[in-house]
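K.L.:
I'd like to ask you about the structure that follows.
Chains as they are written, first to last, in the working numbering: chain B, 424 to 817; chain F, 424 to 817.
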């Protein structure tokens, strides 16, 4: 290999080779640098810039970087708690990704750079990291949906032991509005969370099915025949689908049960989702009473029908279809082992979820409630996945 | 769904919701816009910028954008040939990705925006596009390599009919230096090329196995336990691996043959690779004579041993191990149906490949030669995949 290394180094260094391929836009800097004390240093070379700022979900407002020397701007944070963080720079008013950091996430149309802070084994930063543990496979799977009349794409995680045989329980994991079948594996770090919790014996080995909740598009932007369109929030609703996500979900489950070695029955089947996916979870679980033993609503958008001036609990109670579905869902035969409602204190959907709880309390439908700080954010949804995935199939 | 739409629109528009999640860094522009005549218009809002440039692999040198109004800078190209193109902006000296275009590729540490020009069904732009045809699944698979003593990641494409049953031939498809198991599905558009050629009846349905050719890393940057390190060209050689990629390749094949429904035998087994992966292809095919019926060298780095002042053909001929391997590979029993050598006229490896051809001519080892314009670039490698994948298993 030594001679091959010398050879390729020659390729890299030769000026003519630079013309062969690639537009190199990196900088010879390390950024971000997660320091041992949990502080994080950012660096950007921008010699002509007048003002360079840093915006991130670890800051209450954008901060100014300071020009050090040779046009390199820097900023060091205070010590940060364990978490996966997102940030961008702003250079003279233009949003700008850190060219020294190749780790990036897309949320609808916005890219951010990311980094992870972990301070101890088992903290959330550690659970979001790829550790030296057995890894599950992540497959992008196309399935036919007779209900929608389309071929659609989903992401399926199989646990590390899957290739060795055996059958496994299934968690259906749903994204929010603006997301797609990539959301939970990119922003949600679902594969890392499951790998790490399974390795620690804290979650059961399970198959995780991450579907696309936009009924009128087949896959994530760029991955289906609409081509490289510019995504936007709920943009997928340009042409109507033949059915709703909740109506078509039976096609997903029937595909998974046919093509994967799954254990069925409510003790082996779970569903959860965030925001719009929380609504889908709420709706799908009502359409399939007795199917899911574990149901998780993460910052869920609860109930859309009825007069918005009427409190949610009354809208549910007074709708004979919905209240009837709840009655069937919580009948002795069908009732789930866990109906889990999680939300942040400052989430704009807090009151909706309080209304659902009020309805369930009045109806004596059991549920578990998990309230956190913060709002409608991925930090919470990743945390809810960590919590929920340890409660199921046990 | 209508009420749900209204609900989520309210989320999007409310000022408080903006504080809930995401750093929106998009612009309300369409860029790039591929016009009907094949010209392409770029737009960037940069009101404070003094100079905005566009650099791309469709330009001989960077061009200046012109400030139109409201700080929006634009440029329109001449009509472009069908191709997948890459570009970046430069704003006052800083490389800058197009915030209106979420479609991006990473090549080592550099990101570029991309777009596709297609002018007719079946042209290369069309073959690189996701069309309304049946799609194969793309799985990220972890396998154990006893030879390297590590768990490693590879990308496996299964053809659209795979889920219905049957057994399939296998193409092993190898990346170049600096790349990883993501390279062929991102920069190489391998899944789209195969989907489209299979749908057109031009390529046989096949399994495509895209391995990681860096023996001392387990997976692409960020996907293994080294964490979110900054990748660099050949950076993976920081700690030595227990064996070379070519020595360890038997572990890949044995995993694939055990876990996938593959047809074996040289009429059902092909291997090809680009640059360093061309070297791996050359080496692996010699280590496994009779295994591969179809061998493709794309801009291959041919032969590293010996005195670099001696022509390649003489170095091969005078090395008893290598010339002996060639003799076995081309024996009556083992000889491949196709030994395919492809290179661009201005590739810096052109002379190496000419040397290999000289050796093979002198030894009467049959091969096919495919010479194109251009150099050591993805445009050529995608083109070579289109050509090679139509020649195999027939």
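For glycine and all other residues, C-beta sits at the position ideal for the given N, C-alpha and C.
A quick note: this is a predicted structure, and the numbers were derived from the prediction, not measured.
#1: If you draw a straight line from the alpha carbon of residue 497 of chain F to that of residue 800 of chain F, how long is it in whole angstroms?
#2: Taking only the alpha-carbon atoms, compute the straight-line gap between residue 626 of chain B and residue 467 of chain B and give it to the nearest angstrom.
#3: Could you list which residues in chain F have their beta carbon closer than 8 Å to that of residue 574 of chain B, in chain order?
#4: State the Cα-Cα distance for the pair residue 580 of chain F and residue 528 of chain F, rounded to the nearest angstrom.
#5: Check each residue of the stretch 510 to 528 of chain B: if its Cβ is closer than 7 Å to any Cβ of chain F, include it; give the result in chain order.
#6: Below 9 Å on C-beta distance, what does residue 471 of chain F contact in chain B?
#7: Taking the straight line between their C-alpha atoms, what separation do you get for residue 682 of chain B and residue 586 of chain F?
#8: Buried or exposed: which applies to residue 646 of chain F, given that a residue is buried once 16 or more other Cβ atoms fall within 10 Å of its Cβ?
#9: I'd like to know if residue 430 of chain F contacts chain B, where contact means its C-beta is closer than 8 Å to some C-beta of that chain.
#10: Between residue 894 of chain F and chain B, is there a C-beta pair that is closer than 8 Å?
#11: Name the one or two DSSP bridge partners that residue 513 of chain B has.
#12: Cα-Cα, which of F:725, F:694, F:748, F:508 is closest to residue 819 of chain F?
#13: When you compare the CB of residue 453 of chain B with every CB in chain F, is at least one pair closer than 8 Å?
#14: Along chain B, which residues have their Cβ under 9 Å away from the Cβ of residue 539 of chain F?
#15: Would residue 447 of chain B count as contacting chain F if we go by Cβ distances under 8 Å?
#16: Identify the contact partners of residue 554 of chain B in chain F, using a Cβ-Cβ distance below 8 Å as the criterion.
#17: If you measure beta-carbon to beta-carbon, which residues of the stretch 565 to 594 of chain B are closer than 8 Å to chain F?
#18: Since residue 481 of chain B and residue 500 of chain B should fall inside the 8 Å C-beta cutoff, what is the C-beta to C-beta distance between them, to a whole number of angstroms?
#19: Determine whether the Cβ of residue 545 of chain F lies closer than 8 Å to any Cβ atom of chain B.
#20: With which residues is residue 766 of chain B paired in a DSSP beta bridge?
#21: Let me see if you follow: with CB-CB separation under 8 Å, is residue 636 of chain F close to chain B or not?
#22: Assuming residue 699 of chain F contacts residue 632 of chain F under a Cβ cut-off of 8 Å, what Cβ separation, rounded to an integer in Å, is found between them?
#23: Tell me residue 576 of chain B's beta-bridge partners as DSSP assigns them.
#24: Could you list the residues in the stretch 690 to 705 of chain B with a C-beta less than 9 Å from some C-beta on chain F, going in chain order?
#25: Under 8 Å, with one C-beta from each stretch per pair, do the stretch 559 to 578 of chain F and the stretch 589 to 606 of chain F reach the 3-pair mark?
#26: Checking contacts by CB at 8 Å: is residue 598 of chain B closer than that to chain C?
#27: Out of B:634, B:808, B:650, B:582, state which residue places its alpha-carbon closest to the alpha-carbon of residue 600 of chain B.
#28: For residue 744 of chain F, which three-state DSSP category applies?
#29: Based on Cα-Cα distance, which residue from B:678, B:750, B:817 lies nearest to residue 693 of chain B?
#30: Which residues, in order along the stretch 668 to 687 of chain B, keep a beta-carbon less than 7 Å from a beta-carbon of chain F?
#31: Cβ of residue 734 of chain B less than 8 Å from any chain F Cβ?
#32: In angstroms with no decimal places, state the Cα-to-Cα distance between residue 534 of chain B and residue 753 of chain F.
#33: What residues from chain F crowd round residue 644 of chain B, counting only those whose CB sits closer than 7 Å?
#34: Report yes if the C-beta distance between residue 613 of chain B and residue 808 of chain B is below 8 Å; otherwise report no.
#35: Give the DSSP-derived three-state secondary structure of residue 651 of chain F in the structure shown.
#36: Have a look at residue 543 of chain F and residue 457 of chain B and give me their C-alpha separation to the nearest angstrom.
P.N.:
A quick look at the data gives this:
#1: 27 Å
#2: 41 Å
#3: 557, 558
#4: 19 Å
#5: 511, 514, 515, 516, 517, 518, 519, 520, 522, 523, 525, 526
#6: 473, 515, 516, 517
#7: 7 Å
#8: buried
#9: Confidence at residue 430 of chain F is low in this model, with a pLDDT of 49, below 50, so its placement is unreliable and the value that follows should be read with caution. Closer than 8 Å: yes.
#10: Because chain F in this structure spans residues 424 to 817, residue 894 of chain F falls outside the shown range and cannot be described.
#11: B:476, B:518
#12: Given that chain F is displayed from residue 424 to residue 817, the structure contains no residue 819 of chain F and the question cannot be resolved.
#13: yes
#14: 650, 651
#15: The predicted model places residue 447 of chain B with a pLDDT of 42, which falls under 50 and marks its position as unreliable; any figure quoted below should be read in that light. So, interface residue.
#16: 648
#17: Along the stretch 565 to 594 of chain B, going in chain order, the ones with a CB nearer than 8 Å to a CB of chain F are 565, 574, 576, 583, 586.
#18: 6 Å
#19: no
#20: B:794
#21: no
#22: About 17 Å; that fails the 8 Å criterion.
#23: B:565
#24: 698, 699, 702
#25: Output reads yes: the stretch 589 to 606 of chain F touches the stretch 559 to 578 of chain F.
#26: As a matter of chain content, chain C is missing from the structure shown, whose protein chains are B and F.
#27: B:634
#28: helix
#29: Cα-wise, what sits closest to residue 693 of chain B is B:817.
#30: Those residues of the stretch 668 to 687 of chain B placed with their C-beta closer than 7 Å to a C-beta in chain F are 682, ordered along the chain.
#31: no
#32: Using only the alpha carbons, I get a separation of about 51 Å.
#33: 525
#34: yes
#35: In the structure shown, residue 651 of chain F adopts coil according to DSSP, grouped into three states.
#36: So the alpha carbons of these two residues sit roughly 50 Å apart.
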